[in-house]
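Enquirer: The structure follows.
Residue numbers (the working numbering), protein chains in the order written: chain A, 91 to 204; chain B, 88 to 308.
Structure below.
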């Protein structure tokens, strides 16, 4: 039986900019800590001709609060820190009764050579 | 008066609980009891402070429910009770206070008599304050005793000529973790269920709010 657990995560603000060399930069600033239900952790590996591409998926189910609602509205401006890794939001499902929000997040490991 | 249960010796006209009516006249409506830290831990919100105002309001409702359920003030509650003419022909006169909490060895839960007033027989009637030397509070019987009886100019035409205002102080039990845990359970229920109706029947968990609070609910006779 799958066991869903509540685990502490940090919700981060993302700020996008450009550095002196003209490179795009992303600044991650912690906004608050919360405790979602963590479920459906999936790690996947795709082997292309030259690289191994690891991609991890996860679901966080959070209580519906004003701050979480803002994540729903501005999905691109937030990331989640869980197990010391940075997770970006791919899909958001808002419960119809406005009581919870499920965030599906992904994380890409650096590609490794085959 | 044939019912003599609980009467004062030689005071044959005292019924148990001889007040006519009583009303709450003051209660803490803004002071928090559970801390936001306790609440956000319970709801797994942790650092999410965006609902703090809503949670504080919910906490007040929960606290008031626990107070009402146990008949035990968590913060001071003031009452006004009225006594009819049948209560005052006794010697000494004993006036029951309808809502009290027991005082513990820490001094909490005690009753403070704020005023004892009576309607005199002037025309028009005047609400007159009785000097505090004319009455004494009996904590063992939760009643106010007027050793010298009622004032001679009390109005016998007014339905409830004696009015007592008193405050019940917070009870020590409010600091018990088991009572706070019951409050957190109730708060979680109200947080998760914001509608009067649901499509499916909800079930109580074992050892829930009622089970946690039951040992502390005084037997009311």
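Cβ atoms here follow ideal geometry from the backbone N, Cα and C, with glycine treated the same way.
1) Which chain A residues are close to residue 134 of chain B, counting only those with a beta carbon under 7 Å from its beta carbon?
2) What does residue 65 of chain B touch in chain A if you count any residue whose Cβ is under 7 Å from its own?
3) Put residue 91 of chain B into one of helix, strand or coil per three-state DSSP.
4) What in chain B is Cβ-close to residue 98 of chain A, meaning under 8 Å?
5) Quick check on residue 216 of chain B: buried or exposed, where buried means 16 or more other Cβ atoms within 10 Å of its Cβ?
6) How many Å lie between residue 134 of chain A and residue 141 of chain A at the Cα?
7) Does chain B have any CB closer than 9 Å to the CB of residue 101 of chain A?
8) Mind checking who residue 111 of chain A pairs with in its DSSP beta bridge?
9) Flag residue 145 of chain B as yes if its beta-carbon sits less than 9 Å from any beta-carbon of chain A, otherwise no.
10) Can you list, in chain order, the residues of its chain whose CB lies under 6 Å from that of residue 91 of chain B, leaving out five sequence neighbours each side?
11) On a Cα-Cα basis, can you pick out the residue from B:239, B:235, B:276 that is closest to residue 209 of chain B?
12) Please report the residue range of the alpha helix (DSSP H) in which residue 141 of chain B lies.
13) Which residues does DSSP pair with residue 169 of chain A in a beta bridge?
14) Going by DSSP in three states, residue 284 of chain B sits in which element: helix, strand or coil?
15) Under 9 Å Cβ-Cβ, which residues of chain C neighbour residue 130 of chain B?
16) Quick check on this structure: which residue in B:173, B:151, B:213, B:230 has the alpha carbon closest to the alpha carbon of residue 187 of chain B?
17) Give the range of the beta strand (DSSP E) segment to which residue 113 of chain B is assigned.
18) What would DSSP say about residue 102 of chain B, mapped onto helix, strand or coil?
19) For residue 96 of chain B, which three-state DSSP category applies?
20) List the residues of chain B whose Cβ lies closer than 8 Å to the Cβ of residue 194 of chain A, in chain order.
21) Below 9 Å between beta carbons: does that hold for residue 266 of chain B and residue 294 of chain B?
22) With burial defined as no fewer than 16 other Cβ atoms inside 10 Å of the residue's Cβ, what is the status of residue 138 of chain B: buried or exposed?
23) For chain A, check one thing: does any of its Cβ atoms lie closer than 9 Å to the Cβ of residue 114 of chain B?
24) Got a sec: is the Cβ-Cβ distance from residue 221 of chain B to anything in chain A below 9 Å?
25) Give the straight-line distance between the Cα atoms of residue 185 of chain A and residue 110 of chain A, rounded to the nearest whole angstrom.
26) Hey, could you find the ends of the beta strand (DSSP E) residue 251 of chain B is sitting in?
Expert: Considering the structure as presented:
1) Reading the second chain from its first residue, position 47 is the one you call residue 134 of chain B. What residue 134 of chain B touches in chain A: 122, 123, 124.
2) This structure gives no information on residue 65 of chain B, because the portion of chain B shown stretches from 88 to 308.
3) Position 4 of the second chain, counted from the start, is the residue given in the question as residue 91 of chain B. With a pLDDT of only 46 at residue 91 of chain B, under the threshold of 50, the placement of this residue in the model should not be trusted; the figure read from the coordinates follows. In the structure shown, residue 91 of chain B adopts coil according to DSSP, grouped into three states.
4) For the purposes of this step, residue 98 of chain A is identified with residue 8 of the first chain, where counting begins at 1. Those within 8 Å of residue 98 of chain A in chain B are 133.
5) Within the second chain, numbered from 1, the residue matching residue 216 of chain B stands at position 129. Flag for residue 216 of chain B reads exposed.
6) By one-based count along the first chain, residue 134 of chain A stands at place 44. By one-based count along the first chain, residue 141 of chain A stands at place 51. Cα-Cα distance, rounded: 14 Å.
7) Your numbering for residue 101 of chain A matches position 11 in the first chain. Chain B has a Cβ within less than 9 Å of the Cβ of residue 101 of chain A.
8) Taking the first residue of the first chain as position 1, residue 111 of chain A is located at position 21. None, per the DSSP bridge assignment.
9) Translated into the one-based positions of the second chain, residue 145 of chain B becomes position 58. Not an interface residue.
10) Counted from its first residue, the second chain places residue 91 of chain B at position 4. Below a pLDDT of 50, predicted positions are generally treated as unreliable, and residue 91 of chain B, at 46, falls in that range; the measurement from the model is reported next regardless. Closer than 6 Å at Cβ, skipping near neighbours: no residue.
11) Position 122 of the second chain holds residue 209 of chain B. Residue 209 of chain B has its Cα closest to that of B:239, out of B:239, B:235, B:276.
12) Working through the second chain from its first residue, we reach residue 141 of chain B at position 54. Run containing residue 141 of chain B: 139 to 157, per the alpha helix (DSSP H) assignment.
13) Numbered from 1 along the first chain, position 79 holds the residue referred to as residue 169 of chain A. According to DSSP, which records beta bridges pairwise, residue 169 of chain A is partnered with A:102, A:178.
14) Taking the first residue of the second chain as 1, we reach residue 284 of chain B at position 197. Looking at residue 284 of chain B - three-state DSSP - the assignment turns out to be coil, as it is neither helix nor strand.
15) Looking for chain C here will not work: the only protein chains present are A and B.
16) Position 100 of the second chain, counting from 1, holds the residue named residue 187 of chain B. Among B:173, B:151, B:213, B:230, the Cα nearest to that of residue 187 of chain B belongs to B:230.
17) Taking the first residue of the second chain as 1, we reach residue 113 of chain B at position 26. Secondary structure note for residue 113 of chain B: its beta strand (DSSP E) is the uninterrupted segment 106 to 114.
18) Along the second chain, one-based indexing puts residue 102 of chain B at 15. Residue placement at residue 102 of chain B cannot be trusted, given a pLDDT of 47 that sits under 50; what the coordinates show is reported in the next sentence. Three-state DSSP puts residue 102 of chain B in coil, outside helix and strand.
19) As a working note, residue 96 of chain B is residue 9 in the second chain. Confidence is the limiting factor: at residue 96 of chain B the pLDDT is only 48, short of 50, which leaves the residue's position unreliable, though a coordinate-based value still follows. In the structure shown, residue 96 of chain B sits in coil (DSSP, three-state: anything other than H, G, I, E or B).
20) Here residue 194 of chain A refers to the residue found at position 104 of the first chain. By Cβ distance, chain B contributes nothing, its closest Cβ being about 19 Å from residue 194 of chain A, past 8 Å.
21) Taking the first residue of the second chain as position 1, residue 266 of chain B is located at position 179. Taking the first residue of the second chain as position 1, residue 294 of chain B is located at position 207. No.
22) Within the second chain, residue 138 of chain B is the residue found at index 51, counting from 1. So residue 138 of chain B counts as buried.
23) The count along the second chain starts at 1 and reaches residue 114 of chain B at position 27. Judged by the 9 Å Cβ criterion, residue 114 of chain B is not in contact with chain A.
24) In the second chain, residue 221 of chain B corresponds to position 134, counting from 1. Answer no: the Cβ-Cβ gap between residue 221 of chain B and chain A never drops below 9 Å.
25) Taking the first chain and counting its residues from 1, one reaches residue 185 of chain A at position 95. Taking the first chain and counting its residues from 1, one reaches residue 110 of chain A at position 20. In a straight line, the C-alpha of residue 185 of chain A is about 43 Å away from that of residue 110 of chain A.
26) Residue mapping note: residue 251 of chain B aligns to position 164 of the second chain, counting from 1. It spans 249 to 255 - the beta strand (DSSP E) in which residue 251 of chain B sits, taken as one unbroken run.
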